[in-house]
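Working notes, structure below.
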Amino acid sequence: MRVIGIDPGLRNLGWGVIEMAGSRLSHVANGICQSQGADLAQRLLSLHDQLSQIMRDMQPDMAAVEQTFVNKDGAGTLKLGQARGIAMLVPAQFGLSVGEYAPNTVKKTVVGVGHAGKDQVAHMVRVQLPGVEIAGPDAADALAIAICHAHHGGAADRLRRRIA
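If you read the sequence shown in numbering that gives the first Met the number 0, its first letter stands for residue 0, the second for the next number, and so on.
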């Protein structure tokens with residue numbers, strides 16, 4: 000089973016794909032979609048197109064996205080929410096249900112501590128996926144989201160498929 004984790008961002012949208020074989024996880028690919036365009040609509044379309052191509056190339060079976068946290072900048076939070084909408088829409092267009100995880104849940108699952116820093120997350124992703132070359136912090140977060148879904152959502156998804 001392939002899992003794609005997506006770390007939404009308007010400038011940089013991180014993605015990471017892992018393979019699940021029982022309880023064993025292995026790295027498939029990771030990267031960063033960088034939005035392009037003069038206005039918000041063009042930037043969102045750019046992210047949509049790039050993520051759609053990744054979905055076609057990687058053909059994941061499951062998807063997970065990090066939930067948006069609300070910060071002091073309301074306009075920034077709204078824009079991030081729009082990028083998150085793209086991150087949820089594209090897997091849905093490919094027929095996948097999308098798991099959602101709070102940042103603290105992802106960190107606690109991967110690092111063991113809910114308030115871990117980005118360096119700690121990247122380190123533990125490297126430990127859990129030996130030999131991985133991470134494209135950047137956003138890709139490391141996306142791989143962590145995929146790992147979190149493999150641990151939390153993967154079993155539930157497999158059970159649903161067997162029952163259906």
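All C-beta atoms in this analysis are idealised placements derived from N, C-alpha and C, irrespective of residue type, glycine included. Just so you know, these numbers come straight off a predicted model, no measurement behind them.
Considering residue i, what are the terminal residues of the beta strand (DSSP E) in which it resides?
i	result
Val-64	61 to 65
Ser-25	23 to 33
Asp-48	Counting along the chain, Asp-48 falls outside any beta strand (DSSP E), though it belongs to the alpha helix (DSSP H) covering 39 to 57.
Answer with buried or exposed for residue i, where buried requires no fewer than 16 other C-beta atoms within 10 angstroms of its C-beta.
i	result
Gln-35	exposed
Ala-149	buried
Glu-132	exposed
Arg-55	exposed
Residues in the same chain with beta-carbon distance under 7 Å from residue i, minus the five sequence neighbours each way, listed in chain order, please.
i	result
Ser-22	none
Val-57	A small correction: the amino acid at residue 57 is Met; Val does not occupy that position in the sequence shown. If we look at Met-57 and ignore the five residues flanking it on each side, its Cβ neighbours are Arg-1, Ile-3, Val-16, Val-27, Ala-28.
Ala-134	Asn-29, Gly-30, Ile-31
Cys-147	Ala-63, Tyr-100, Thr-104, Val-105, Thr-108, Val-109
Roughly how far, in whole angstroms, is the beta-carbon of residue i from the beta-carbon of residue j, given that I think they are within contact range, below 8 Å?
i	j	result
Leu-142	Ile-17	7 Å
Ile-31	Ala-138	6 Å
Lys-107	Gly-113	4 Å
Ala-74	Ile-5	Rounded, the Cβ-Cβ distance is 22 Å, inconsistent with contact.
Val-109	Met-123	5 Å
Leaving out the 5 sequence neighbours to the left and right, which residues in its chain are closer than 8 Å to residue i when beta-carbon positions are compared?
i	result
Gln-81	Leu-9, Leu-39, Leu-43
Pro-7	Val-64, Glu-65, Thr-67, Leu-79, Ala-82, Arg-83, Ile-85, Ala-86
For residue i, I'd like the list of residues in its chain whose CB is within less than 6 Å of its CB, leaving aside the five on either flank, ordered along the chain.
i	result
Gly-152	Gly-98
Lys-78	Leu-9
Give the single residue among the options whose Cα lies nearest to the Cα of residue i.
i	options	result
Ser-45	His-114, Lys-107, Asn-11	Asn-11
Pro-169	Pro-136, Lys-117, Ala-121	Residue 169 is absent from the structure shown; the chain starts at 0 and stops at 163.
Gln-227	Asp-60, Val-126, Lys-71, Val-89	Past the edges of the chain, shown from 0 to 163, lies residue 227, and the structure says nothing about it.
Thr-67	Met-19, Ala-37, Arg-125, Asn-103	Asn-103
Tyr-100	Phe-93, Met-87, Gln-92	Met-87
From what residue to what residue does the alpha helix (DSSP H) around residue i run?
i	result
Gln-119	117 to 127
Val-16	Premise fails: Val-16 lies in the beta strand (DSSP E), 11 to 20, not in any alpha helix (DSSP H).
Does at least one heavy atom of the ligand ATP sit under 8 Å from the Cβ of residue i?
i	result
Gly-113	Ligands are entirely absent from the displayed structure, and the ligand ATP is therefore not among its contents.
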